[in-house]
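First the structure, in the form of structure tokens, and then the observations on it.
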Ligand SMILES: NC(=O)c1ccc[n+]([C@@H]2O[C@H](COP(=O)([O-])OP(=O)(O)OC[C@H]3O[C@@H](n4cnc5c(N)ncnc54)[C@H](OP(=O)(O)O)[C@@H]3O)[C@@H](O)[C@H]2O)c1
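Residue numbers (our numbering): 26 to 377.
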């Protein structure tokens, strides 16, 4: 994608979109509905009056914490069907069930990002879902991807990119949404700071920046993709409102909220390199450690790469070229967390 295309995207962020197509209620199949963005997206689609069906696991959520009745409660307003998204027969039989659907929306993603799981879920399960969706008459797919695939160094990024390519070639209308950082990924230290501890930073805390996007703002943007023609057949990097912020600014703001002098602990990136190397070497003998090495590589990536649009010519991240959408800010979320008005579900990716 060129930077010009990204600039075009900036004018299309929510709020500047043209009026939606006057479409009747659509029949939408949602994958990954029990995840952070999947839940918010189901709520957004149901609020807009769509007929939403979710294909989910009987035990879902982080560590399988959700039984089927929990998923039904969380995804209120949608129809739930249960089965294994990795099994093409189950997808067709138990998911689409021989019925017609208008659109497929996927927030499905490997929970760990470990290479084998990423290729099984982010790539292969999506390939099966695309085939089943075609059979069901689906003409449009909205895919939740990630902005980091613009600079792919990790296995899960290659798996995502491989499916993005297949979708673009599929002949279906597509919207590939590549968001910046989610609130949950930037909230891991709220509790530490509340308990009086320091805020941990890689380097001086200004190595990276991002435009955090809330679950609901992203969910609305994904739902917009169903009925705004200018969001079709596009790769759409998207961030939240306001300026890009660094980890140091996040920490500084947290200390202001708890009314304490900022206290930072600096962690050298080189420490991650040592961990990656050690786990990589020992992982040759003990395979579980190889998986841990990949998780450490993921941590290093986020410690050193910004979640902003990358200018392919300069090789620099460009906050101004990163489109924004929505109204909810990370700092308001921090205040909500500290006041107990919100909670964060930490995923398997969490570094701090
Ligand atoms: N975190 C960030 O800051 C960030 C930023 C930009 C982009 N992204 C991207 O956004 C996407 C979604 O993120 P998220 O935080 O919403 O993900 P999440 O909370 O981890 O949810 C993942 C979803 O995929 C499902 N899934 C995973 N493995 C499965 C399996 N083997 N079988 C069936 N379902 C499976 C999960 O179902 P269960 O509930 O059954 O496990 C869940 O519904 C990811 O692609 C991520 O790379 C993340």
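Beta carbons are placed, not taken as given, at the ideal position from N, Cα and C, and that holds for glycine.
Just confirm the distance between the C-beta atoms of residue i and residue j, as a whole number of angstroms; I'd bet it's less than 8 Å.
{"i": "residue 329", "j": "residue 232", "result": "6 Å"}
{"i": "residue 275", "j": "residue 363", "result": "About 13 Å separates the two Cβ atoms, so there is no contact after all."}
{"i": "residue 208", "j": "residue 68", "result": "That pair is no contact at about 16 Å."}
{"i": "residue 59", "j": "residue 85", "result": "4 Å"}
{"i": "residue 283", "j": "residue 219", "result": "6 Å"}
{"i": "residue 314", "j": "residue 307", "result": "5 Å"}
{"i": "residue 145", "j": "residue 113", "result": "About 13 Å separates the two Cβ atoms, so there is no contact after all."}
{"i": "residue 266", "j": "residue 349", "result": "5 Å"}
{"i": "residue 322", "j": "residue 179", "result": "6 Å"}
{"i": "residue 128", "j": "residue 167", "result": "7 Å"}
{"i": "residue 316", "j": "residue 271", "result": "Not really, about 30 Å apart at Cβ, beyond 8 Å."}
{"i": "residue 130", "j": "residue 247", "result": "6 Å"}
With which residues is residue i paired in a DSSP beta bridge?
{"i": "residue 85", "result": "91"}
{"i": "residue 115", "result": "Residue 115 pairs with nothing; no bridge assigned."}
{"i": "residue 200", "result": "167 and 259"}
{"i": "residue 238", "result": "207"}
{"i": "residue 56", "result": "80 and 131"}
{"i": "residue 106", "result": "80"}
{"i": "residue 334", "result": "343"}
{"i": "residue 43", "result": "Partner(s): none; residue 43 has no beta bridge."}
{"i": "residue 349", "result": "264"}
{"i": "residue 227", "result": "292"}
Examine chain B for any beta-carbon lying closer than 9 Å to the beta-carbon of residue i, and answer yes or no.
{"i": "residue 79", "result": "No chain B appears in the structure shown, which is made up of a single protein chain."}
Examine ligand 1 and report whether any of its heavy atoms sits within less than 8 Å of the Cβ of residue i.
{"i": "residue 124", "result": "no"}
{"i": "residue 166", "result": "no"}
{"i": "residue 18", "result": "Since the first residue shown for the chain is 26 and the last is 377, residue 18 is missing from the structure and cannot be characterised."}
{"i": "residue 356", "result": "no"}
{"i": "residue 242", "result": "no"}
{"i": "residue 81", "result": "yes"}
{"i": "residue 50", "result": "no"}
{"i": "residue 272", "result": "no"}
{"i": "residue 136", "result": "yes"}
{"i": "residue 191", "result": "no"}
{"i": "residue 173", "result": "yes"}
{"i": "residue 325", "result": "no"}
{"i": "residue 85", "result": "yes"}
{"i": "residue 62", "result": "yes"}
{"i": "residue 147", "result": "yes"}
{"i": "residue 57", "result": "yes"}
{"i": "residue 260", "result": "no"}
{"i": "residue 119", "result": "no"}
{"i": "residue 330", "result": "no"}
{"i": "residue 89", "result": "yes"}
{"i": "residue 349", "result": "no"}
{"i": "residue 176", "result": "no"}
{"i": "residue 169", "result": "yes"}
{"i": "residue 204", "result": "yes"}
Taking a contact to mean a Cβ-Cβ separation below 9 Å, would you say residue i touches residue j in this structure?
{"i": "residue 45", "j": "residue 252", "result": "yes"}
{"i": "residue 204", "j": "residue 287", "result": "no"}
{"i": "residue 125", "j": "residue 201", "result": "no"}
{"i": "residue 66", "j": "residue 55", "result": "yes"}
{"i": "residue 342", "j": "residue 355", "result": "no"}
{"i": "residue 115", "j": "residue 109", "result": "yes"}
{"i": "residue 244", "j": "residue 62", "result": "yes"}
{"i": "residue 181", "j": "residue 152", "result": "no"}
{"i": "residue 249", "j": "residue 42", "result": "yes"}
{"i": "residue 335", "j": "residue 175", "result": "yes"}
{"i": "residue 184", "j": "residue 143", "result": "yes"}
{"i": "residue 19", "j": "residue 236", "result": "Because the chain in this structure spans residues 26 to 377, residue 19 falls outside the shown range and cannot be described."}
{"i": "residue 132", "j": "residue 74", "result": "no"}
{"i": "residue 78", "j": "residue 50", "result": "no"}
{"i": "residue 278", "j": "residue 228", "result": "no"}
{"i": "residue 273", "j": "residue 294", "result": "no"}
{"i": "residue 111", "j": "residue 150", "result": "yes"}
{"i": "residue 147", "j": "residue 135", "result": "yes"}
{"i": "residue 311", "j": "residue 139", "result": "no"}
{"i": "residue 352", "j": "residue 242", "result": "yes"}
Is residue i near ligand 2 - that is, is its Cβ less than 8 Å away from at least one heavy atom of it?
{"i": "residue 224", "result": "Ligand 2 is absent from the structure shown, which contains only ligand 1."}
>> I'd like the ranges of any beta strand (DSSP E) spanning at least 3 consecutive residues and lying wholly in the region 261 to 331.
In response: 289 to 292
>> Give the list of continuous beta strand (DSSP E) stretches no shorter than 3 residues that lie fully inside the region 126 to 171.
In response: 128 to 131 and 165 to 169
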